[in-house]
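Have a look at the structure below before the remarks.
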Amino acid sequence: MHKFLIRSFVSSLVLLFTLTVAAVAKDVKAAFVYIGPTGDHGWTYQHDVGRKAVEAAGFKTTYVEGVPESADAERVLRQLANSGHDVIFTTSFGYMNPTNKVAKEFPNVKFEHATGYKREHPNVSTYAARFYEGRTILGTIAGTMTKSNVIGYVASFPIPEVIRGINSFTLAAQKVNPNIKTKIVWAFTWYDPGKEAEAAKALIDQGADVIAQHTDSTAIVQMAEKAGVYAFGQASDMDKFAPKAVLTSVENNWGPYYVDRVKAVANGTWSQKDTWHGIGDGMVVISDLDSQMPADLRSKVKKLQADLASGKVHSFTGPIYDQKGNLMVAEGKTADDGMLAGMMTYVKGVEGDIPK
Amino acid sequence: MIKIVKRDQPSRAIFFFTPVLAIFLTLVAGGLIFFILGFKPFEALKFFFIVPIADKYGFSELLLKATPLCLIAIGLSFCFKSNNWNIGAEGQLTFGAIVSGGVALLFYEQEGFYILPIVILAGAIGGMLYASIPAILKTYFNTNEILVSLMLVYVSKLILDYLVVGPWSNPEGFNFPETRQFSDSAKLPLLFEGLRIHAGIFLALAAVVISWFVFYKTYLGFQMKVSGFSLKTARYAGYKGKKMIILVFLISGACAGLAGVGEITGPIGQLHREISPDYGFTAIIVAFLGRLHPVGIIFASLVVAITYLGAETAQIFMQIPKYTGQVFQGMILFFLLASDYLLFFKIKFIGSKK
Chain A
356 MHKFLIRSFV SSLVLLFTLT VAAVAKDVKA AFVYIGPTGD HGWTYQHDVG
406 RKAVEAAGFK TTYVEGVPES ADAERVLRQL ANSGHDVIFT TSFGYMNPTN
456 KVAKEFPNVK FEHATGYKRE HPNVSTYAAR FYEGRTILGT IAGTMTKSNV
506 IGYVASFPIP EVIRGINSFT LAAQKVNPNI KTKIVWAFTW YDPGKEAEAA
556 KALIDQGADV IAQHTDSTAI VQMAEKAGVY AFGQASDMDK FAPKAVLTSV
606 ENNWGPYYVD RVKAVANGTW SQKDTWHGIG DGMVVISDLD SQMPADLRSK
656 VKKLQADLAS GKVHSFTGPI YDQKGNLMVA EGKTADDGML AGMMTYVKGV
706 EGDIPK
Chain B
1356 MIKIVKRDQP SRAIFFFTPV LAIFLTLVAG GLIFFILGFK PFEALKFFFI
1406 VPIADKYGFS ELLLKATPLC LIAIGLSFCF KSNNWNIGAE GQLTFGAIVS
1456 GGVALLFYEQ EGFYILPIVI LAGAIGGMLY ASIPAILKTY FNTNEILVSL
1506 MLVYVSKLIL DYLVVGPWSN PEGFNFPETR QFSDSAKLPL LFEGLRIHAG
1556 IFLALAAVVI SWFVFYKTYL GFQMKVSGFS LKTARYAGYK GKKMIILVFL
1606 ISGACAGLAG VGEITGPIGQ LHREISPDYG FTAIIVAFLG RLHPVGIIFA
1656 SLVVAITYLG AETAQIFMQI PKYTGQVFQG MILFFLLASD YLLFFKIKFI
1706 GSKK
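Residue numbers (the numbering used here), protein chains in the order written: chain A, 356 to 711; chain B, 1356 to 1709.
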């Protein structure tokens, strides 16, 4: 009898606790603003995967897709803030000014802006991923797998994020194969299957036998599949779109961060932050390695992945020289975040100039 | 039995009735689509067309959205009335925004009452310059204005891309594709505290009044009307066709350019890659839905503007995909064109015995 009482007391406590947690969880509503359709299999798709993780954690979510970065963004944000959402994730750079503007009017709503740098009000945080760590892995694979020693790279816009990716990719490729050259085509778009396919075609015609991309559609890996060259998936695991071409993908994994931040709102522990997570924190994930890669390369990549995660290896470890041969990072040093955030010069081995 | 008979003359009553019919059919078809998708049709339509404008803020957003649509559609009606198919208002909007944005950036961190008029004027001139290309090519080289004006849209967007990525990008902005924010003197004044509706609405209203006057009270309006009915007649009557073509394109370009100014010096406040969610193309629907009549265009721009707002509300509150807004715009145009059949034909019900 005594045991029974204790047991029922404990179980009712547990039940009460669960109910309370559930009630708290129910109260917090998170909203997500997307630049593209949730079915783009790239940028927006991955953010929506993150949103679903928030739902799975027991929170209510709302999303609005295809919100242009025009005057419309501000209205959508205001409407979300006005309709009982406690935290709003704005998942494209172009929402930066509207996010800060609306945040000022709604001091009780938390705003999380992806890839931006403005945190003008205490209720605005920013977050981004260290995708360049993933590109160190891709560069290592590309440098090993290329036979023509020409690697193609379809880039979107000449901003530090993209330049940093090109550099970290090239540095890693040079490390395993000093003779490689990285050829860049600027597509000036984040998502335009037609343009991206054209860019990939141009690179393949110039002799590239491995194509990397910093745009979001699956057009490039599909073009690579057709041409019989290697490629890497971007944002999500694109293996199913080009099983022969895709060696691996760098996945954007926002879920853990989103769940963390929404929970922080629920617990009242949310505070302004500038987050920049990489492989170590699980925001950047490397998909399965294709069996076409030799076994020793695969184990090398696995080790590199672990070392990047633990911080033993840094993507930008000196000596690093720019195209003209000037020293950028001294031997034994690594580039600090300030340098990475403003990186606007190519390293040695990248062909061409950054468009001005 | 039903018999379809050709009308002797297009019916004037039906001319103004069909847009209403088209909107009604769109609502019915829209409700049906919502039903098929598994949403409650009336609730969905309520969130689409009533909830977004149920308060003061929502209504001000409707006016904000309708302003560029109305302005561009008024300009386009000059072209369409006179048989000039300017499809490139989006390009004229973009180029107008580029020129006016460039001028606004010249006055960066400067204040003065004279700045805004110069910025506005620059936008109108930019739009006119850009519209003059298809006009001149049409009049002197007999090119097809539909193709030229349409292709120039993409050119203008590439020019804008180049400028905001390169020479005009914000020096403190980590090379992201955007310019600096304009100074307050280069921005259109807001009409009410806390709302985004700005003085640009007066430009649209002025365009409505002026176009009405030109269409119905001037010789130019008459010329346009005759050319619209029959180019041969216009030529026979001795109208100087070339001059008129260039003039209507310039007016149309100026209006689109001003719409661009309204966006960048109004709610946006800077230049970046996406200054317009294709207002220039949507305004074509507005112009036809409004029957190329200034007052009709006011109503049409409000109706089409609400499809944008409604799509957002419906997604937030009912998880209906936001792209249904575009489906509604397409349906309106489709039903309008389809019901125009009634203009030229009438349906007669004939008893089977007769």
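Beta carbons are placed, not taken as given, at the ideal position from N, Cα and C, and that holds for glycine.
Nearest residue (CA-CA) to residue i, options the options
i	options	result
T1662 (chain B)	B:V1650, B:Q1674, B:H1648, B:V1682	B:V1682
L1422 (chain B)	B:L1387, B:K1597, B:P1622, B:L1382	The sequence given here has Thr at residue 1422 (chain B), not Leu. Nearest of B:L1387, B:K1597, B:P1622, B:L1382 to T1422 (chain B), Cα basis: B:P1622.
D708 (chain A)	A:L435, A:A510, A:I496, A:L695	A:A510
G666 (chain A)	A:P548, A:D594, A:D636	A:D636
H460 (chain A)	A:R433, A:A483, A:Q647	Looking at the sequence shown, residue 460 (chain A) is not His but Glu. Comparing Cα positions, the closest option is A:R433.
A412 (chain A)	A:A428, A:K688, A:A385, A:S438	A:A385
M698 (chain A)	A:G520, A:H440, A:L659	A:G520
C1569 (chain B)	B:L1550, B:M1599, B:P1632, B:K1358	Per the sequence shown, residue 1569 (chain B) should be read as Val rather than Cys. Here the closest residue by C-alpha is B:M1599.
D592 (chain A)	A:K581, A:S604, A:G583, A:A586	A:S604
G1456 (chain B)	B:L1505, B:P1407, B:S1504, B:Q1536	B:Q1536
E346 (chain A)	A:N455, A:E467, A:N463	Nothing about residue 346 (chain A) can be read from this structure; chain A reaches only from 356 to 711.
V383 (chain A)	A:W625, A:E686, A:F448	A:W625
V540 (chain A)	A:R616, A:D677, A:E551	A:E551
S480 (chain A)	A:T491, A:R616, A:A436	A:R616
A582 (chain A)	A:A597, A:D645, A:A483, A:T537	A:A597
A1368 (chain B)	B:F1584, B:E1500, B:D1695	B:D1695
A1562 (chain B)	B:I1639, B:Y1574, B:I1652, B:T1494	B:I1652
F1636 (chain B)	B:I1473, B:L1492, B:A1428	B:A1428
L1586 (chain B)	B:L1558, B:S1631, B:N1439	B:N1439
Proximity below 9 Å, CB of residue i to CB of residue j
i	j	result
A1541 (chain B)	A1459 (chain B)	yes
G498 (chain A)	N532 (chain A)	yes
G1615 (chain B)	G1478 (chain B)	yes
D403 (chain A)	T393 (chain A)	yes
S1607 (chain B)	A1486 (chain B)	yes
V1519 (chain B)	P710 (chain A)	no
I1378 (chain B)	F1690 (chain B)	yes
T495 (chain A)	A528 (chain A)	yes
S642 (chain A)	D594 (chain A)	yes
F1352 (chain B)	F1643 (chain B)	An answer regarding residue 1352 (chain B) cannot be provided, because it is not within the stretch 1356 to 1709 covered by chain B.
H1627 (chain B)	P1532 (chain B)	yes
E1445 (chain B)	D427 (chain A)	no
A563 (chain A)	V640 (chain A)	no
M1338 (chain B)	A1384 (chain B)	Residue 1338 (chain B) is absent from the model: chain B starts at 1356 and stops at 1709.
E429 (chain A)	T399 (chain A)	no
Closer than 9 Å to chain B by CB, residue i
i	result
L695 (chain A)	no
R712 (chain A)	With chain A represented from 356 up to 711, any question about residue 712 (chain A) goes unanswered, as that position is not in the structure.
E410 (chain A)	no
V684 (chain A)	no
A557 (chain A)	no
Y418 (chain A)	yes
E435 (chain A)	Before going further, note that residue 435 (chain A) is Leu rather than Glu in the sequence given. Cβ-Cβ to chain B under 9 Å: yes for L435 (chain A).
F587 (chain A)	no
E551 (chain A)	no
K711 (chain A)	yes
M699 (chain A)	yes
G635 (chain A)	no
Short CB-CB distance (under 9 Å) between residue i and chain A
i	result
L1502 (chain B)	no
D1516 (chain B)	yes
Q1447 (chain B)	no
S1419 (chain B)	Inspection of the sequence shows that residue 1419 (chain B) is occupied by Leu rather than by Ser. It does: the Cβ of L1419 (chain B) has a partner Cβ on chain A nearer than 9 Å.
K1709 (chain B)	For K1709 (chain B), the pLDDT reaches just 44, beneath the cut-off of 50, and the residue's location in the model is therefore unreliable, leaving the point undetermined.
E1464 (chain B)	no
T1668 (chain B)	yes
P1489 (chain B)	no
L1460 (chain B)	no
Y1663 (chain B)	yes
* Using a Cβ cut-off of 8 Å, which residues of the stretch 1670 to 1695 of chain B contact any Cβ in chain A, in chain order? -> Cβ contacts with chain A come from Q1670, I1671, F1672, Q1674, P1676, K1677, Y1678.
* Output, in sequence order along the chain, the residues in the stretch 1622 to 1644 of chain B whose CB is closer than 8 Å to any CB in chain A. => From the stretch 1622 to 1644 of chain B, only P1622, I1623, G1624, Q1625, H1627, R1628, E1629, I1630, S1631, P1632 have a Cβ closer than 8 Å to chain A.
* Asked: If you scan the stretch 547 to 573 of chain A from start to end, which runs of the alpha helix (DSSP H) of 4 or more residues do you find wholly inside it?
  -> The qualifying runs are 548 to 560.
* To do: Output, in sequence order along the chain, the residues in the stretch 1538 to 1555 of chain B whose CB is closer than 9 Å to any CB in chain A.
  => Identification of residues in the stretch 1538 to 1555 of chain B having a C-beta nearer than 9 Å to some C-beta of chain A yields G1549, R1551, given in sequence order.
* **Chain-ordered residues of the stretch 1519 to 1530 of chain B with a beta carbon less than 8 Å from chain A** => Of all residues in the stretch 1519 to 1530 of chain B, the ones placed with a Cβ closer than 8 Å to any Cβ belonging to chain A are V1520, G1521, P1522, F1529, N1530, in chain order.
* **Residues, ordered as in the chain, of the stretch 448 to 482 of chain A that lie near chain B by beta-carbon distance below 7 Å** => For the stretch 448 to 482 of chain A, the residues whose beta carbon sits under 7 Å from a beta carbon of chain B are, in order, F448, G449, Y472.
* Asked: What residues in the stretch 1388 to 1416 of chain B bring their beta carbon closer than 7 Å to a beta carbon of chain A?
  -> Cβ contacts with chain A come from E1416.
* To do: Anything in the stretch 490 to 519 of chain A with a Cβ closer than 8 Å to a Cβ of chain B? List those residues in chain order, please.
  => Correct list: F512, P513, I514, P515.
* Can you check the stretch 413 to 493 of chain A for any alpha helix (DSSP H) of at least 4 residues that lies completely inside it and give the ranges in chain order? => DSSP runs (the alpha helix (DSSP H)) wholly in the stretch 413 to 493 of chain A: 427 to 437, 451 to 460.
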